[in-house]
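Residue numbers (my numbering): 781 to 1048.
Cβ atoms here follow ideal geometry from the backbone N, Cα and C, with glycine treated the same way.
Data first, discussion second: the structure below is written as structure tokens.
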Amino acid sequence: MSIPFGYVSPEQQMRDKADYARKGIARGRSVVVLQYEDGILFVAPNPSRALHKISEIYDRIGFAAVGRYNEFEALRLGGIRYADINGYTYDREDVTARGLANLYAQNLGQIFTESLKPFEVELVVAEVGDTADEDHVYRLTFDGSVFDESGLVAMGGQAEAVAGRLKERYRDGLSLADALQAALFALTEPGGERPPAGQLEVAVLDRNRPHRKFQRLAGPRLEALLAGSSAGEGAVDAGTAEAAAPQDGGSQTPPTAPEGEIDTGSGG
């Protein structure tokens, strides 16, 4: 039997899609996610004040992404809808990073398999627990693969080189200021200049904050942390009074919820 002209084997199609997605992701700047003594830190070079790579999804859950903004923003919004519906229908404690990672894995896997063009994105979904042992960090790739990470994650850009530099400075139980310094060391090319505070996007999931754990770090608080001063961490602690304020369009559903059932496979 002759092979039709222009035929491409399924294996070659998958390889071509994977190469296409990897090249798109590699063009973006890296994002670093790492655990520190009081929670999880997210750091990304990002001069834009409007287009975020790092966001809140729910009470204890944060989201970070690299790649094509419109694609990971659609995934972020789908995750918020999923969290809102599950938190309201069942209980807020039922919304977990693991559930969100499974949802994103299904959506990304289906898009990679069935669509001509895969999503050019890589994601991290992180959940802070009451102790460091209860923290969860999941990394998802463009084809829907899920990796349960521990300690640190680097993605996008020169991810391997960034991760290598981060491992040089990272250790368990870092203070927030030290964790930020380690992240910036990893994100800065050897011999290059560190980006100023105004070109950084920095956020934390702080287990010591009441109710909503996500907090963006900017202005004097971030500048103090960049200087490595204890005043920076004190300023962050002082911000816990803002915990009830909405941030980033994350879930704002009430804590009580009626019983019911939903289709958890939608969203994204």
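Would residue i and residue j qualify as a contact pair, given that the criterion is a beta-carbon distance under 8 Å?
i, j, result
"Phe822", "Leu903", "no"
"Ile837", "Ala806", "no"
"Arg992", "Asp796", "no"
"Gly847", "Val901", "yes"
"Ala966", "Val812", "yes"
"Ser835", "Arg856", "yes"
"Ala844", "Ala877", "no"
"Gly867", "Leu985", "no"
"Asp910", "Arg987", "yes"
In whole angstroms, give me the CA-to-CA distance for residue i and residue j.
i, j, result
"Glu829", "Pro975", "It should be pointed out that residue 829 corresponds to Arg in this sequence rather than to Glu. Their Cα atoms are separated by approximately 15 Å."
"Tyr918", "Ala939", "16 Å"
"Leu883", "Pro790", "25 Å"
"Asn887", "Arg872", "23 Å"
"Glu1003", "Tyr787", "57 Å"
"Gly937", "His832", "17 Å"
"Ala854", "Glu817", "32 Å"
"Phe892", "Asp952", "36 Å"
"Leu896", "Asp874", "35 Å"
What does a CB cutoff of less than 8 Å around residue i pick up in its chain, not counting 5 residues either side in sequence?
i, result
"Leu960", "Leu821, Val823, Val982, Leu1005 and Leu1006"
"Gly962", "For the sequence presented, residue 962 should be read as Ala rather than Gly. Here the set comprises Leu814, Leu946, Arg949, Tyr950 and Leu954."
"Gly978", "Pro827"
So, at 6 Å on beta carbons, what are the nonlocal neighbours of residue i in its own chain, with the 5 sequence-adjacent residues on each side left out?
i, result
"Phe927", "Arg919"
"Thr968", "Arg974"
"His916", "Ala877 and Glu907"
Going by C-alpha distance, which of the options is nearest residue i?
i, options, result
"Tyr849", "Ala877, Gly804 and Thr869", "Gly804"
"Ala885", "Gly819, Gly859 and Ala941", "Gly859"
"Ser930", "Gly971, Asp871 and Ala912", "Ala912"
"Tyr800", "Thr921, Glu817 and Asp915", "Thr921"
"Ile841", "Leu980, Phe892 and Ala881", "Ala881"
"Leu964", "Arg989, Arg987, Asn988 and Ala934", "Ala934"
"Leu736", "Phe892, Glu894, Arg996 and Pro990", "The structure shown has nothing for residue 736, since the chain only spans 781 to 1048."
"Gln793", "Pro990, Ala943 and Glu894", "Glu894"
"Arg802", "Phe899, Ile865, Thr869 and Val875", "Phe899"
So, at 7 Å on beta carbons, what are the nonlocal neighbours of residue i in its own chain, with the 5 sequence-adjacent residues on each side left out?
i, result
"Gly889", "Asp923 and Gly924"
"Ala798", "Asp923"
Practice task
Tell me the start and end of each unbroken alpha helix (DSSP H) in the stretch 846-906 that is at least 4 residues and wholly inside, in chain order.
Solution key: 849-869 and 877-894
Exercise for the section: Please go through the stretch 793-850 and give each complete alpha helix (DSSP H) segment of 4 or more residues, from N-terminal end onward. Expected result: none
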